[in-house]
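Taking our numbering, the leading residue of the sequence shown gets 136, the next gets one more, and so forth. Quick notes on the structure that follows.
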Amino acid sequence: GGTLQLSPAALSDCEIAPDNFWHRLAQIDCALRLMNQNARNLAPVFQQRFGHLPDAKRDRLFTLLLVQAYHGGAGRVQALLEDPVLAQPAEYFAANHERFTAGDIAFGLIFHNLGRDRLGLASLYYVADVQLATEALCRTAKLKSTEFCEWKYSTN
Numbered sequence: 136g137g138t139l140q141l142s143p144a145a146l147s148d149c150e151i152a153p154d155n156f157w158h159r160l161a162q163i164d165c166a167l168r169l170m171n172q173n174a175r176n177l178a179p180v181f182q183q184r185f186g187h188l189p190d191a192k193r194d195r196l197f198t199l200l201l202v203q204a205y206h207g208g209a210g211r212v213q214a215l216l217e218d219p220v221l222a223q224p225a226e227y228f229a230a231n232h233e234r235f236t237a238g239d240i241a242f243g244l245i246f247h248n249l250g251r252d253r254l255g256l257a258s259l260y261y262v263a264d265v266q267l268a269t270e271a272l273c274r275t276a277k278l279k280s281t282e283f284c285e286w287k288y289s290t291n
């Protein structure tokens with residue numbers, strides 16, 4: 136269990152041999168590679184939609200959406216940001232972000248689209264646990280220097 140739990144599909148994306156599937160370090164390595172890959176893929180779309188948010192709020196929202204991407208697929212999160220129909224909530228939140236926290240926005244984007252894309256209630260509980268997991272991960276020495284933990288300090 137745990138937040139890093141990966142589907143066999145995700146593990147095979149990382150080319151981890153089946154007999155290593157349950158090897159903790161292999162899973163963490165895979166998780167980080169997927170996170171980094173998702174971060175690179177989602178950053179341009181995210182910047183376009185939410186780049187005007189204050190830095191701290193923008194970074195927090197990106198982290199939450201990154202974990203959602205890890206859990207439910209980057210394609211789904213990208214659709215929530217740019218699909219003409221699915222991105223309507225994103226458009227609204229981007230325009231009215233002063234009234235919401237980053238957590239509210241992430242929760243709202245996923246909640247509004249639950250019925251449409253079957254992101255599932257599990258996603259909502261998942262998002263609620265994310266910040267703790269992210270902070271714990273980035274506190275460990277192994278991950279501190281990774282792109283996943285450093286991107287939020289990069290200037291762009």
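Glycine is no exception: its CB is placed at the ideal position from the N, C-alpha and C atoms. Just so we're clear, the structure is a prediction, and the values are computed from it rather than from any experiment.
For the alpha helix (DSSP H) that contains residue 210, what are its first and last residues? To locate residue 210, count along the sequence shown from 1; it is residue 75. Residues 209–217.
Closest to residue 166 by C-alpha separation, out of 196, 180 and 201, would be which residue? Against the sequence shown, residue 166 aligns to sequence position 31. The candidate whose alpha carbon is nearest that of residue 166 is 201.
Which of helix, strand or coil DSSP assigns to residue 254: Taking the sequence shown and counting its residues from 1, one reaches residue 254 at position 119. Residue placement at residue 254 cannot be trusted, given a pLDDT of 49 that sits under 50; what the coordinates show is reported in the next sentence. Coil at residue 254, not helix or strand.
Where does residue 202 sit, in a helix, a strand or coil, going by DSSP? Counting from one through the sequence shown, the residue named residue 202 turns up at place 67. Looking at residue 202 - three-state DSSP - the assignment turns out to be helix.
Nearest-angstrom beta carbon gap, residue 209 and residue 244 [assumed within contact, 8 Å]: Within the sequence shown, numbered from 1, the residue matching residue 244 stands at position 109. Within the sequence shown, numbered from 1, the residue matching residue 209 stands at position 74. That pair is no contact at about 14 Å.
Do residue 188 and residue 199 come within 8 Å of each other at the CB atom, strictly closer than that value? Translated into the one-based positions of the sequence shown, residue 199 becomes position 64. Translated into the one-based positions of the sequence shown, residue 188 becomes position 53. Not in contact: residue 199 and residue 188 (Cβ atoms no closer than 8 Å).
If you draw a straight line from the C-alpha of residue 164 to the C-alpha of residue 233, how long is it? Numbered from 1 along the sequence shown, position 29 holds the residue referred to as residue 164. Numbered from 1 along the sequence shown, position 98 holds the residue referred to as residue 233. Rounded to whole angstroms, residue 164 to residue 233 spans 36 Å at the Cα level.
Would residue 246 pass as a contact of residue 216 if the rule is Cβ separation under 8 Å? Position 111 of the sequence shown, counting from 1, holds the residue named residue 246. Position 81 of the sequence shown, counting from 1, holds the residue named residue 216. It is not a contact, given that the beta carbons lie outside the stated cut-off.
Between the Cα of residue 241 and those of 174, 204 and 179, spot the shortest distance and give me the residue it belongs to. Along the sequence shown, one-based indexing puts residue 241 at 106. With distances taken between Cα atoms, residue 241 lies closest to 204.
Measuring alpha carbon to alpha carbon, tell me which residue in 171, 186 and 191 is nearest residue 230. Walking along the sequence shown from the start, residue 230 turns up at place 95. Taking only the C-alpha atoms, the option nearest residue 230 is 186.
Taking DSSP as the reference, what is the three-state secondary structure of residue 232? Within the sequence shown, residue 232 is the residue found at index 97, counting from 1. Taken through DSSP and simplified to helix, strand or coil, residue 232 comes out as helix.
Candidates 191, 220 and 207: closest to residue 173 by CA position: For the purposes of this step, residue 173 is taken as residue 38 along the sequence shown, with counting starting at 1. Of the listed residues, the one whose Cα sits closest to residue 173 is 207.
Out of 239, 220, 218 and 183, state which residue places its alpha-carbon closest to the alpha-carbon of residue 228. Numbered from 1 along the sequence shown, position 93 holds the residue referred to as residue 228. Answer by Cα proximity: 239.
Quick check on residue 243: does DSSP put it in helix, strand or coil? As a position in the sequence shown, residue 243 is number 108, starting the count at 1. In this structure, residue 243 counts as helix in the three-state DSSP scheme.
Compare the Cα-Cα distances from residue 175 to each of 224, 222, 213 and 218 and report the closest residue. Along the sequence shown, one-based indexing puts residue 175 at 40. Comparing alpha-carbon positions, the option among 224, 222, 213 and 218 lying closest to residue 175 turns out to be 213.
Pairwise C-alpha distance: residue 237 and residue 162: Locating residue 162 in the sequence shown gives position 27, counting from the first residue. Locating residue 237 in the sequence shown gives position 102, counting from the first residue. Between the C-alpha atoms of residue 162 and residue 237 there is a straight-line separation of about 28 Å.
Is residue 186 helix, strand or coil by DSSP? Translated into the one-based positions of the sequence shown, residue 186 becomes position 51. Correct three-state label for residue 186: coil.
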